[in-house]
Amino acid sequence: MKTKSARSHLSTPQSIAYWAGFAVMLTGLVHLLAYPFVESAVWSGPLGYRKLVVFGLSAGFTLVTMGWLLKFYPPKPRLHKAMMSAMSAALVLEIIIINTQHFRGLPSHFNVGTPLDTLLWSTMGLSILCFAIVSTTQAILAFGKLVGSPAMKLAIRTSMVLFFFSQLSGQLIVIHGMNHVLQDGAFLIENVASSTTYGEAGNLKLPHAISLHSIQALPLLALMIIGLGLNKRQQELLIWVSSIGFAGVTFFSQVHAYTGRSIFDLDTFGTLIMIVSLIGFLTPFIYATTAQILRLAQPSTNKRPSLHQPLSA
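Mind the numbering: the sequence shown is residues 12 to 324 in our numbering, read in order.
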């Protein structure tokens, strides 16, 4: 007798996201491998190879994940194909522009020094906005019907909320960056290097990067829970604890960035928040990993690891 489960076949929308995502990831990998052999290459800064590597790997991984998550959504071929096509085109275009500007020896972000640079930056800005709008649509759809385990359904929904925050955080970076490089209507190219820094050391990219990858972290936890014999309430408890911890790290790093201080420059209260949030995020992963190891080590699959007992108390 068949039961409801996530679709196992690869749909056309997923194929689009996978092909585009792996292609984008390949650009990051190529630059990572090439970096040691390029004599004039620098790692950090607006013209650093780190930017090419991080954007390629992160954007590609994001596309692949968004496509993979579709297996837990009810089939909507036309809508999903349009969504994956738009998101893929947006991120591929962004990566092309970033690489083009790098090989021109110019910064890609917040560069409005010439009409061509302005056109490229404006085009990239529109692609980022397009991706944000379409990914928000996927986030909204996540609150409709989903298939999969209780843990996976909740993980997708909570991670999509955090992913939506990453898009808002990204727009805040753009607003701050443009205000930083344009002073009294004049473009200051020397300010590009600090365009994502608030005050002396506030890192606006950190909360954006953290929340961007919530769509990998929380569904991964849901996959780790599979086979542990937990009931719906127990599964959801683990996801909630990790999600709240993840949100704590994300939101605190966002607020802290606007104090103009580094994330390593914390007062006692800030340190406490970060420690509690990290413990909340990591504890379910530690529990699931340990329980899976114990389960695999047992000769009989009918026995549950003793770690389950506290949850059912």
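Here a beta-carbon is modelled for each residue, glycine too, at the ideal position from N, C-alpha and C.
Item to check | Span of the alpha helix (DSSP H) around T282 | outcome: T279 to A308
Checklist entry - If K92 sits next to I27, beta carbons under 8 Å apart, how far is it from one beta carbon to the other, in whole angstroms? => result 7 Å
Item to check | Given 8 Å, three or more beta-carbon pairs between the segment 143-150 and the segment 202-213 | outcome: no
Checklist entry - Which partner residues does L193 have in the DSSP bridge list? => result F198
Next on the checklist: Can you give me the C-alpha to C-alpha distance between F296 and S254, rounded to a whole angstrom?
Outcome noted: 11 Å
Next on the checklist: A204 and F142 - do their beta-carbons sit closer together than 8 Å?
Outcome noted: no
Item to check | Three-state secondary structure (DSSP) of N214 | outcome: strand
Item to check | Runs of beta strand (DSSP E) lying entirely within the segment 225-252, each at least 3 residues, in chain order | outcome: none
Checklist entry - Is M163 closer than 8 Å to P230 when the C-beta atoms are compared? => result yes
Checklist entry - Is the segment 82-99 in contact with the segment 118-138, if contact means three or more CB pairs nearer than 8 Å? => result no
Checklist entry - Going by Cα to Cα distance, which pick from E201, L199 and K216 is closest to T207? => result K216
Item to check | Per DSSP, the bridge partner or partners of Y209 | outcome: G213
Next on the checklist: Just to check my reading of the structure: F72 and G32 have Cβ atoms closer than 8 Å, yes? What is that Cβ distance to the nearest angstrom?
Outcome noted: 7 Å
Item to check | Separation of V53 from P47, as counted between CA atoms | outcome: 10 Å
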